[in-house]
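Visitor:
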Amino acid sequence: TQVLSQAGARIALTYQGERLKERVEALAATMESPLTLPCDATDDEQIAEVFQTLKAEFGDISFVVHSIAFANREDLEGRFVDTGREGFRIALEVSAYSLLPLVRHAAPLMTNGGSVLAMTFDASQKVYPGYNVMGTAKAALEHSVRQLAYEFGEQNIRVNAISAGPLQTLAARGISGFRDMHHAAAEKAPLKRNITVTEVAQTALFLCSGLSSGITGAIIPVDAGYHIMAV
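In the numbering used here, the protein residues as written are 1169 to 1399.
1. Does the stretch 1245–1261 come close enough to the stretch 1212–1227 that 3 or more CB-CB pairs lie under 8 angstroms?
2. Would you list the one or two residues that DSSP bridges to ALA1286?
3. Rounded to a whole number of angstroms, what is the C-alpha to C-alpha distance between GLU1120 and GLU1319?
4. Looking only at C-alpha atoms, which of SER1344, ALA1307, GLN1323 sits nearest to ALA1329?
5. Closer than 6 angstroms by C-beta to SER1266: which residues in its own chain qualify, once you throw out the five before and the five after it? Chain order, please.
6. Run through the DSSP bridge pairs and tell me what ALA1180 is partnered with.
7. According to DSSP, is VAL1192 part of a helix, a strand, or is it coil?
8. Under 7 angstroms, do ALA1196 and LEU1181 count as touching if we go by C-beta distance?
9. In terms of residue numbering, what span does the beta strand (DSSP E) encompassing VAL1390 cover?
10. ILE1229 lies in the alpha helix (DSSP H); which residues open and close that run?
11. Just curious, the alpha helix (DSSP H) that MET1302 is in, first and last residue?
12. Quick one: measure Cβ to Cβ for PHE1374 and SER1380, integer angstroms, because I've assumed they're closer than 8 angstroms.
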């Protein structure tokens, strides 16, 4: 977000619930006058209100970043086969389906074309112990990216995703065995290190800008090359 702001983008940040509001407002304070808006990804009315506010504030928009994921803690522990019906639904709704209403509301504001960017992880393709139902959700998200890229191509709206390597984030703390995952990535990646948040942000800037005008429907790995390794 800060990299996009430093590049001249006017930013709006969203948060889900009061628990995350303070954290998002602290981030907003480091940038030049961004909007901060509540947005529950499971609430269609709130999503609509966010885009009504964006239309009033900005008129047109150039890009949207979908960085939303959630699964119940109990569904990230134990066996995947024991995932409950409700836990499966919640993970898929929040982490994958939420991209659809976002694009549905954003597209009318992208009158000159635009970019939609989602955040994914290599567990969409491979088994990462402890990631469980989130791997399934990320696989669904990635196919949604490809389908939406096809449907909105004629409007010059590009839809892509970044598949980032393991990062020390708030979400990562909820994944059992994350420390081992983080260490293994640094050990096995061709670049022999973990990636940084800045590297992901710089790739996001590229994909949200006109520099990537010929790219859509792509899943771009930013993982120090870890995705190419068989062992």
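Where is the CB? At the ideal position from N, CA and C, for every residue including glycine. It should be emphasised that the depicted structure is a prediction, and the values quoted were computed from it without experimental measurement.
Guide: Short version:
1. Contact between the stretch 1212–1227 and the stretch 1245–1261 is absent: fewer than 3 CB-CB pairs across the two stretches fall below 8 angstroms.
2. Start at 1 with the first residue of the sequence shown, and residue 1286 comes out as number 118. Note: ALA1286 is bridge-paired with HIS1234, ALA1329 in the DSSP secondary-structure output.
3. Past the boundaries of the shown model lies residue 1120; the chain is included only from 1169 to 1399, so the question cannot be answered.
4. Here residue 1329 refers to the residue found at position 161 of the sequence shown. Closest by alpha carbon: ALA1307.
5. On the sequence shown, residue 1266 is found 98 positions in, with the first residue counted as 1. Cβ neighbours of SER1266 within its own chain (closer than 6 angstroms, five residues either side excluded): ALA1209, ILE1236.
6. The count along the sequence shown starts at 1 and reaches residue 1180 at position 12. Looking at the DSSP assignment, ALA1180 forms a beta bridge with LEU1203.
7. As a position in the sequence shown, residue 1192 is number 24, starting the count at 1. Helix.
8. For the purposes of this step, residue 1196 is taken as the residue at position 28 of the sequence shown. For the purposes of this step, residue 1181 is taken as the residue at position 13 of the sequence shown. The answer is yes: Cβ separation under 7 angstroms.
9. For the purposes of this step, residue 1390 is taken as the residue at position 222 of the sequence shown. Residues 1387–1390.
10. Within the sequence shown, numbered from 1, the residue matching residue 1229 stands at position 61. Boundaries cannot be given for ILE1229, as no alpha helix (DSSP H) includes it and DSSP labels it neither H nor E.
11. As a working mapping, residue 1302 is identified with position 134 in the sequence shown. DSSP places MET1302 in the uninterrupted alpha helix (DSSP H) bounded by 1301–1320.
12. As a working note, residue 1374 is residue 206 in the sequence shown. As a working note, residue 1380 is residue 212 in the sequence shown. The Cβ separation is near 5 angstroms, so the contact holds.
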